[in-house]
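Written below as structure tokens is the structure these notes are about.
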Amino acid sequence: MAAYGNGKIIYRGTITLGDEEIDLGEFDSEEDCQNAIDLEQAKWDKELQDAASPPKTIKCHNCEGTGVSKGTECNMCAGTGRIPE
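So that you can map any letter, position 39 of the sequence shown is 39 in the working numbering, and since no number is skipped, the others follow by simple counting.
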């Protein structure tokens, strides 16, 4: 956030992906704002890629797909509930 006299400049990040508008919040610099937008875009692209060709995984048999085993994060699936086929 840059301060000029009595005012200050803030950067607000918003991105529209598909039909959804995502508010990324306020940032101190234009660079931080752009990085947040780039990360959200990369996440969206990954979701589209996964939807086009889903990863070949199955439900973890150690935690039954919950991601939790014996009260802690499952060590077989790293808490995701899915493992490779």
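Beta carbons are placed, not taken as given, at the ideal position from N, Cα and C, and that holds for glycine.
Predicted, not measured: the structure shown is a model, and the values here were computed from it.
- Per DSSP, Ile37 is one residue of the alpha helix (DSSP H) stretching across 30-52.
- CA-CA distance, Lys59 to Asn75, rounds to 14 Å.
- For the set Asn35, Gly65, Cys33, the Cα lying nearest the Cα of Cys77 is the one of Gly65.
- In the three-state reduction of the DSSP assignment, Lys56 falls in the coil class, being assigned neither a helical nor a strand state.
- Taken through DSSP and simplified to helix, strand or coil, Thr80 comes out as coil.
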